[in-house]
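Keeping their order, the protein sequence lines are chains C and E.
Residues in the first sequence are numbered from 20 upward in steps of one, following my numbering.
Residues in the second sequence are numbered from 10 upward in steps of one, following my numbering.
Ideal Cβ positions, reconstructed from N, Cα and C, are used throughout, including at glycine.
First the structure, in the form of structure tokens, and then the observations on it.
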Amino acid sequence: MLSKRIIPCLDVKDGRTVKGINFVDLRDAGDPVELAAQYAKQGADELVFLDITATHERRKTMIEMVKSVAKQLNIPFTIGGGITEIADAEALLNAGADKISINSAAVKNPQLIEDLAKTFGVQFVVLAVDTKHINGKNIVHLNGGRLITELETENWIKRAEDLGAGEILLTSMDHDGTKQGFDCDLLGKINKMINIPIIASGGAGKTEHFTEVFQKAGVDAALAASVFHYGEILIPDLKQELKRNNIPIRI
Amino acid sequence: MLKNWFYQAQKGYYNYKMIGIVNYGAGNIFSLTAALERQNIAYGMVNTEADLEKYSHIIIPGVGHAGAAMKKLEQTGLVNAIKALKKPVLGICVGMQLITQHSEEGNANLLNIIPLNTKLFDKELGIKIPHMGWNTVEFKNNLLFKDVPVDTQFYFVHSYFIEYNPTFDIAAVNYGNKFSAAIQKDNFYGVQFHPEKSGEAGERLLKNFSNLSS
Numbered sequence: 020m021l022s023k024r025i026i027p028c029l030d031v032k033d034g035r036t037v038k039g040i041n042f043v044d045l046r047d048a049g050d051p052v053e054l055a056a057q058y059a060k061q062g063a064d065e066l067v068f069l070d071i072t073a074t075h076e077r078r079k080t081m082i083e084m085v086k087s088v089a090k091q092l093n094i095p096f097t098i099g100g101g102i103t104e105i106a107d108a109e110a111l112l113n114a115g116a117d118k119i120s121i122n123s124a125a126v127k128n129p130q131l132i133e134d135l136a137k138t139f140g141v142q143f144v145v146l147a148v149d150t151k152h153i154n155g156k157n158i159v160h161l162n163g164g165r166l167i168t169e170l171e172t173e174n175w176i177k178r179a180e181d182l183g184a185g186e187i188l189l190t191s192m193d194h195d196g197t198k199q200g201f202d203c204d205l206l207g208k209i210n211k212m213i214n215i216p217i218i219a220s221g222g223a224g225k226t227e228h229f230t231e232v233f234q235k236a237g238v239d240a241a242l243a244a245s246v247f248h249y250g251e252i253l254i255p256d257l258k259q260e261l262k263r264n265n266i267p268i269r270i
Numbered sequence: 010m011l012k013n014w015f016y017q018a019q020k021g022y023y024n025y026k027m028i029g030i031v032n033y034g035a036g037n038i039f040s041l042t043a044a045l046e047r048q049n050i051a052y053g054m055v056n057t058e059a060d061l062e063k064y065s066h067i068i069i070p071g072v073g074h075a076g077a078a079m080k081k082l083e084q085t086g087l088v089n090a091i092k093a094l095k096k097p098v099l100g101i102c103v104g105m106q107l108i109t110q111h112s113e114e115g116n117a118n119l120l121n122i123i124p125l126n127t128k129l130f131d132k133e134l135g136i137k138i139p140h141m142g143w144n145t146v147e148f149k150n151n152l153l154f155k156d157v158p159v160d161t162q163f164y165f166v167h168s169y170f171i172e173y174n175p176t177f178d179i180a181a182v183n184y185g186n187k188f189s190a191a192i193q194k195d196n197f198y199g200v201q202f203h204p205e206k207s208g209e210a211g212e213r214l215l216k217n218f219s220n221l222s223s
């Protein structure tokens, strides 16, 4: 049976991870390679690296980081942040990234989804969507929730699937950072609507939230950052808990 | 490139165990070469027919569209030489599909080394496409899976699958329906999952392949 995936997300700035302090064995929490290896050892099924670097040097630094990670890591990983054209994606693919995630660039230029899917295959293209409830509607936001768009989340995701997105990474801005659990209602609704895998993001605070999002929303994967980085949830414990609840998981 | 030459030089031209990776431009091979390096398995690139002679084992990698991959392979002029190989050959993902007879992806005729069909997953089965993630592989007693624990999961990512046929199946997997996760005919092996992304078990499998006798 296909397992549900647990995905730690690591923020990267100038080639260094910016969160991650609570691993006992870790010599350098800012080293993406060491952090990634730790997560793989703990049983993470996949990793997402989100590049939050704003400088012009970012691309070169990121490629070097991706290469170092790919050399050491024996599980798949996704790179997101600042990918706006085919050439960006190609450089990351050749450096060993398994998938790329696009967000703002796809909203500004939806054709990018189709171009990427045609060039590299749908399995390479993850569409990240940040969504917020506004006046009874779900509205797509950009720039980490700071910039509102006119797109309704459901419509945008459906269109992205048609264009060739291979997977959806859906972050609820309302739940993100609250540690009160994932937005199971919205995730469940979107999950029923599409025929590609969906990763839940935003709101994880305790292990029960993961059980809940898999049982209630039926999502394919769940992503979190701080609860893993600060050691509040340990992946082996989380997976045992999920297994006890009969959720298919890789131990 | 320099690194490959270094490996060749270091291990020697006539080294018994060295993997040749068919370099036909279908997908990135960085992760594969990295996995081989982590296992201390020597490798080099196959660009010409003469290159095929240099190596004890051959890997056909591949990501993306099977029909497009087949066209690229044809452009290398290596098709007949690959079909005639007597040394162990491992196709990975689309590289495995190329070993079969036909793919529904691009309605493409493939190498036809193993008479099986590569088919599109049926949406009507209520499954998501692509099949993406870790799935349990029921493998048979085959050297490729030597010392791999029972019920091990491997990492899959694909939209087309190889039909199950007990004659050639060496590992089966369930997703919507039962299909082949690994196949074998004589010296030709194929795996649908990505051993280079499948944790320790995947690395074990690559090691096992490199230990198959020619």
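Item	Value
Own chain, CB closer than 8 Å to residue 258 (chain C), minus 5 neighbours either side, in chain order	25, 62, 268, 269 and 270
For residue 184 (chain E) and residue 235 (chain C), the rounded distance between their alpha carbons	21 Å
Straight-line gap, residue 158 (chain E) to residue 215 (chain E) (C-alpha atoms, nearest Å)	15 Å
Where residue 20 (chain C) sits in the DSSP three-state scheme	coil
Ranges of the beta strand (DSSP E) found wholly within the region 40–90 of chain E, counting only runs of at least 3	52–55 and 66–69
Range of the contiguous beta strand (DSSP E) that encloses residue 13 (chain C)	Any answer about residue 13 (chain C) is impossible in this case: the structure gives chain C only from 20 up to 270.
C-alpha distance - residue 100 (chain C) paired with residue 111 (chain E), whole-angstrom precision	38 Å
Contact set between residue 141 (chain E) and chain C, taken where Cβ atoms lie within less than 7 Å	142, 186 and 216
Stretch pair the region 43–61 of chain E + the region 149–169 of chain C: three plus CB contacts closer than 8 Å	no
Residue environment, residue 23 (chain E), which counts as buried when at least 16 other CB atoms sit within 10 Å	Here the model assigns residue 23 (chain E) a pLDDT of 48, short of 50, so the residue's position is not dependable, and the following value carries that caveat. Residue 23 (chain E) comes out exposed.
Residues bridged to residue 220 (chain C) [DSSP beta-bridge criterion]	C:190 and C:242
Cut-off 7 Å between Cβ atoms - residues of its own chain near residue 228 (chain C), not counting five sequence neighbours on either side	200, 201 and 222
Short Cβ contact (8 Å threshold) for residue 163 (chain E) with residue 181 (chain E)	no
Residue 97 (chain E) burial status per 10 Å Cβ neighbour count (16 or more: buried)	buried
Proximity test, Cβ basis, 8 Å: residue 166 (chain C) and chain E	no
CA-to-CA distance, residue 60 (chain E) to residue 183 (chain C), given in whole angstroms	37 Å
Short CB-CB distance (under 8 Å) between residue 218 (chain E) and chain C	no
Own chain, CB closer than 7 Å to residue 161 (chain E), minus 5 neighbours either side, in chain order	146 and 210
Exposure label - residue 62 (chain E); buried when at least 16 CB within 10 Å	exposed
Residues that residue 52 (chain C) bridges to, as DSSP identifies them	Residue 52 (chain C) is not bridged to any residue.
Residue 133 (chain E) vs residue 76 (chain E) beta-carbon contact at 8 Å	no
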